[in-house]
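In what follows, a single structure is set out as structure tokens and then discussed.
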Amino acid sequence: MSRPPPQPIFVHYGFIGGVTSCEVIDIDNMKAVMIGTGVGKCEVYDAETHMLLRKVYEDPERRSISSVGAYDDMMWVHIRNYGVIFIGPSNETRHIVNLNHCGYCRVTMIGPALVYPDTSNEKHYLHIVSMISKDQVQVSLKQLPLSLTSVDENIYVGDETGTVTRVSLQGKIETEVSLYKEPVFCIASTTTHLACGSSKPPLFLLETADICGERRKIDYPPRQVLFIFLFSNLMTIRLL
82 MSRPPPQPIF
92 VHYGFIGGVT
102 SCEVIDIDNM
112 KAVMIGTGVG
122 KCEVYDAETH
132 MLLRKVYEDP
142 ERRSISSVGA
152 YDDMMWVHIR
162 NYGVIFIGPS
172 NETRHIVNLN
182 HCGYCRVTMI
192 GPALVYPDTS
202 NEKHYLHIVS
212 MISKDQVQVS
222 LKQLPLSLTS
232 VDENIYVGDE
242 TGTVTRVSLQ
252 GKIETEVSLY
262 KEPVFCIAST
272 TTHLACGSSK
282 PPLFLLETAD
292 ICGERRKIDY
302 PPRQVLFIFL
312 FSNLMTIRLL
């Protein structure tokens with residue numbers, strides 16, 4: 082007997098420009114949802130009450146926000162084709178890390194390490210930068226990265242050829258697996274599994290410990306799937 086689909090505890094509607102990124106963060110020992118939109122607004126909501134807690138950033142040029150997150154006492158906002166802005170508790174800008182164009186691929190942070198894609202002279206890279214020491218590792222990638230996520234100290238990159246690659250925080254390419262004949266447009270993760278999607282069904286669920294091992298296919302629709310894992314880090318704003 083199949084289990085009923087999980088029910089979200091946070092569903093919020095009415096974001097102008099559409100939601101393009103989100104992250105679950107901790108604020109004062111409570112869960113909050115940090116949301117970025119397609120017109121450059123970033124806000125934080127209480128995960129239980131849905132109340133607006135903070136207006137973090139509003140881009141003067143209304144540029145799309147590709148990814149968001151929190152680090153130390155700061156929040157960060159990744160503006161597509163521009164850079165990552167680190168914002169303090171009083172909404173003051175602390176740092177700006179300028180980035181080159183790299184499609185719609187997001188950035189992420191693992192502890193104090195900022196991980197972001199880059200393309201230069203038609204070559205593709207992954208940069209891992211310590212926000213403390215400013216030390217940097219550059220990883221050469223075979224193909225254009227389109228999606229990425231992190232689990233513990235591992236980075237998972239989906240590219241334009243349908244391949245997912247696991248990279249260590251030290252910059253070592255550990256393994257890769259080919260999933261699709263088309264690009265891997267989205268990756269989301271739990272501590273034990275990766276969910277990968279392309280432009281067509283199915284979704285693939287992989288074990289993070291062995292992405293080359295057993296995989297589970299999820300054909301969608303049915304509608305109850307609701308793209309729960311699609312669009313990197315639950316960009317449909319459904320907190321399960």
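Position 128 of the sequence shown, counted from 1, bears residue number 209 in the numbering used here, the numbering being contiguous throughout. We put the beta carbon where it would ideally sit given N, CA and C, even for glycine.
Going by DSSP, Lys122 is part of the beta strand (DSSP E) stretching over Lys122 to Asp127.
Cβ contact annotation for Cys293 (same chain, cutoff 7 Å, sequence separation greater than five): Thr256 and Val258, in chain order.
Rounded to whole angstroms, the separation of the alpha carbons of Arg187 and Ser279 is 16 Å.
With respect to the C-alpha of Arg143, the residue from Tyr163, Pro85, Leu134 and Asp127 having the closest C-alpha is Tyr163.
Close CB contacts of Leu195 within its chain, under the 7 Å cut and outside five residues either way in sequence, are with Val165, Val178, Val188, Val210 and Met212 (chain order). When the five nearest sequence neighbours on each side are left out, the beta carbons in the same chain lying within less than 8 Å of the beta carbon of Lys204 are those of Ser221, in order along the chain. Contact between Gly117 and Ser102 holds, with the beta-carbon distance rounding to 4 Å and staying under 8 Å. Where Val100 is concerned, the enclosing beta strand (DSSP E) starts and stops at Val100 to Ile108.
Under the rule that a run must span 3 or more residues, the beta strand (DSSP E) segments found entirely inside the segment 160-186 read 164-168 and 174-179. The beta carbon of Arg296 is closer than 7 Å to those of Phe285, Leu286 and Leu287 in its chain, skipping five residues each way along the sequence. Listed as beta-bridge partners of Met190 by DSSP are Leu195. The shortest C-alpha to C-alpha distance from Lys136 to any of Ile146, Ala128, Glu129 and Cys123 is the one to Cys123. DSSP, reduced to helix, strand and coil, places Phe285 within a strand of the structure shown. In terms of Cβ geometry, Tyr237 and Leu180 do not form a close pair [threshold 7 Å]. Counted as a single uninterrupted DSSP element, the beta strand (DSSP E) harbouring Glu255 occupies residues Ile254 to Ser259. The beta strand (DSSP E) runs lying completely inside the segment 222-252 and spanning 3 residues or more are 226-232, 235-240 and 244-249, given in chain order.
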